[in-house]
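Engineer: To convert, count from 1 in the sequence shown and add 7; that's the working numbering. The beta-carbon is built from N, C-alpha and C at its ideal position, and this holds for glycine as well.
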Amino acid sequence: WGLSRPDAGETALSSSLGIEPVLASGTASALYLGQRLYQFPLGVFGVALGTVLFPVLTQQAERDDMAGFRLSLRRGLQLVVAISIPASAGLYLLAQPVTLLLFQRGRFDAADAALTTTMIATYGAGVWAFIALQIINRAFYAVGDRMTPMKLGLFALLFNITFNLTAIWWLGGVALALGGVLAVGLQLLFSLNQLTVRIGQLDWQPVHRTFLKVAAATALMTLAVLGTQSLLPTSDTLTVRCVRVLAPLLSGTVVYLGASYFLRINEVWSLLRSELPDAEELGVSS
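#1: Which residues in the same chain as Gln-67 place their Cβ atom closer than 6 angstroms to its Cβ, once the five residues preceding and following it in sequence are excluded?
#2: Roughly how many angstroms lie between the CA atoms of Ala-149 and Leu-270, to the nearest whole one?
#3: Buried or exposed, going by whether 16 or more other CB atoms sit within 10 Å of the CB of Ile-90?
#4: Could you give the residue range of the alpha helix (DSSP H) that holds Ser-91?
#5: Could you pull out every residue in the same chain whose Cβ sits closer than 7 angstroms to the Cβ of Gly-259, ignoring the five residues on either side in sequence?
#6: For the segment 44-53 against the segment 132-139, do three or more pairs of beta-carbon atoms, one drawn from each stretch, fall closer than 8 angstroms, so that the two count as touching?
#7: For the segment 233-251 against the segment 94-111, are there 3 or more C-beta pairs whose distance is under 8 angstroms?
#8: Measuring straight from C-alpha to C-alpha, what distance separates Ala-37 and Val-105?
#9: Using 10 angstroms around the beta-carbon of Gly-9, count the other beta-carbons present and answer buried if the total reaches 16, otherwise exposed.
#10: In the DSSP assignment, find the unbroken alpha helix (DSSP H) run with Gly-135 in it and report its ends.
#11: Excluding the five sequence neighbours on either side, which residues of its own chain have a C-beta within less than 8 angstroms of the C-beta of Leu-86, listed in chain order?
#12: Three-state secondary structure (DSSP) at Asp-119?
#13: Would you mind stating whether Thr-217 and Leu-209 have Cβ atoms separated by less than 9 angstroms?
#14: Might you give, ordered along the chain, the residues of its own chain that have their beta carbon closer than 6 angstroms to the beta carbon of Pro-255, omitting 5 neighbours on each side?
#15: Should Phe-170 and Leu-189 be called a contact, given that it needs their Cβ atoms to be closer than 9 angstroms?
#16: Have a look at Leu-297 and Ala-163 and give me their C-alpha separation to the nearest angstrom.
#17: Check whether the Cβ atoms of Thr-155 and Phe-147 lie closer than 9 angstroms to each other.
#18: Pick from Gly-53, Ala-224 and Leu-253: whose alpha carbon is nearest that of Ile-143?
#19: If you drop the 5 nearest sequence neighbours on each side, which residues of the same chain put their C-beta closer than 6 angstroms to that of Tyr-263?
#20: In this structure, how does DSSP classify Trp-211 when only helix, strand and coil are distinguished?
#21: Apart from the five residues on each side of it in sequence, which residues of its chain come closer than 6 angstroms, Cβ to Cβ, to Val-4?
#22: Can you list, in chain order, the residues of its chain whose CB lies under 7 angstroms from that of Arg-205, leaving out five sequence neighbours each side?
#23: Quick one: is Gly-113 buried, meaning 16 or more other Cβ sit within 10 Å of its Cβ, or exposed?
#24: Against chain D, does Leu-101 count as a neighbour if the rule is that its beta carbon must be under 9 angstroms from one of theirs?
#25: Could you give the residue range of the alpha helix (DSSP H) that holds Phe-162?
#26: For the putative contact between Gly-41 and Met-157, defined by C-beta atoms under 8 angstroms, what is the C-beta separation to the nearest angstrom?
#27: CA-CA distance, Gln-3 and Leu-108?
#28: Does Gln-103 come out as helix, strand or coil in the three-state DSSP assignment?
#29: With H, G and I counted as helix, E and B as strand and the rest as coil, what does DSSP make of Ile-272?
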């Protein structure tokens, strides 16, 4: 972090180049904490769903059942939409109260909290892309293609580095998180394009319908979270900090589940019934 501002003095790099550090003190820590927070829904949902889906896709690829492969992948993507979009919105909306509850104490002051909140919110907005990429990469592995994810990952890495070195001069530390999110988004788009070349076109209409329903349910969830936050006390005590995280989380969850019921977002209920879809739900005939 030669371009970040230390607590005191200059870094050797900034001194030798004759420039002022462009990143605020604490940027590295804020970036680290932001990454840890977004990796929670990624690990709970993305990695778990990818782990369950991978053997199903591998079995179908070995049988050369590409129609079944596309069906299972499409249903997997519908599950991704149903869980990742509200997860993204939730992490974005709760970034500040989560930061205050978990981290703001001792030398971690209000400025550190504001920077960390921005990092968490930025990563939170991209959770859906991180989770979706987990599933798409598993599809490549299932058909024996490990080179395409590696090449696209290298491209995303180069884009991320270029964006970071360019954007930090006017966006500051948040450019580091934003670059990662944009890089994963680009990698996801290119991966989807290359995968359809490999396995054929997916039937996107059911995915689009699920997306529209989930977007509507997430919008209602967002209103519930914001409304709950506006009613809560603002005093800075541990109890209030806990309430400002748990109360909006509970209200948002209840509203999203209720909206999912009325909008018939079946993917949500399949997850609630069995935690993860079984082979039959993913389109594998016995």
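Structural biologist: In brief:
#1: Closer than 6 angstroms at the Cβ level, and outside the excluded window around Gln-67, lie Gly-75 and Phe-76.
#2: So the two alpha carbons sit approximately 33 angstroms from each other.
#3: Ile-90 comes out buried.
#4: For Ser-91, the uninterrupted alpha helix (DSSP H) run begins and ends at 73-100, by DSSP.
#5: So the qualifying residues of the chain are Gly-97, Met-228, Ala-231 and Val-232.
#6: Three or more pairs of CB atoms, one per stretch, sit closer than 8 angstroms, so the segment 44-53 contacts the segment 132-139.
#7: Pairwise C-beta distances place the segment 233-251 in contact with the segment 94-111, as three or more of them are shorter than 8 angstroms.
#8: Their backbone Cα atoms lie some 13 angstroms apart in a straight line.
#9: Confidence at Gly-9 is low in this model, with a pLDDT of 42, below 50, so its placement is unreliable and no value can be given for it.
#10: Before going on, a small fix: residue 135 reads as Trp here, not Gly. Per DSSP, Trp-135 belongs to the alpha helix (DSSP H) from 134-149.
#11: Cβ neighbours of Leu-86 beyond the five flanking positions: Leu-56, Glu-274, Ser-277, Leu-278 and Pro-284.
#12: DSSP, reduced to helix, strand and coil, places Asp-119 within a helical segment of the structure shown.
#13: No, they are not a contact pair.
#14: When the five nearest sequence neighbours on each side are left out, the beta carbons in the same chain lying within less than 6 angstroms of the beta carbon of Pro-255 are those of Val-232, Thr-235 and Gln-236, in order along the chain.
#15: In this structure, Leu-189 lies closer than 9 angstroms to Phe-170 by Cβ.
#16: The structure shown has nothing for residue 297, since the chain only spans 8 to 293.
#17: Contact: yes.
#18: Ranking the options by Cα distance to Ile-143, first place goes to Gly-53.
#19: The residues are Pro-93, Ala-224 and Met-228.
#20: Of the three classes helix, strand and coil, the one that applies to Trp-211 here is coil, per DSSP.
#21: Because the chain is modelled from 8 through 293, residue 4 falls outside the range shown and cannot be assessed.
#22: Excluding sequence positions up to five before and after Arg-205, its CB lies within less than 7 angstroms of the CB of Val-150 and Asp-152, all in the same chain and listed in chain order.
#23: It counts as exposed.
#24: In summary, chain D is missing from the structure at hand, where a single protein chain is found.
#25: Its alpha helix (DSSP H) spans residues 154-178.
#26: For a cut-off of 8 angstroms, the C-beta gap from Gly-41 to Met-157 is around 26 angstroms, too long to register as a contact.
#27: Nothing about residue 3 can be read from this structure; the chain reaches only from 8 to 293.
#28: Gln-103 falls in the helix class under three-state DSSP.
#29: Three-state result, Ile-272: coil.
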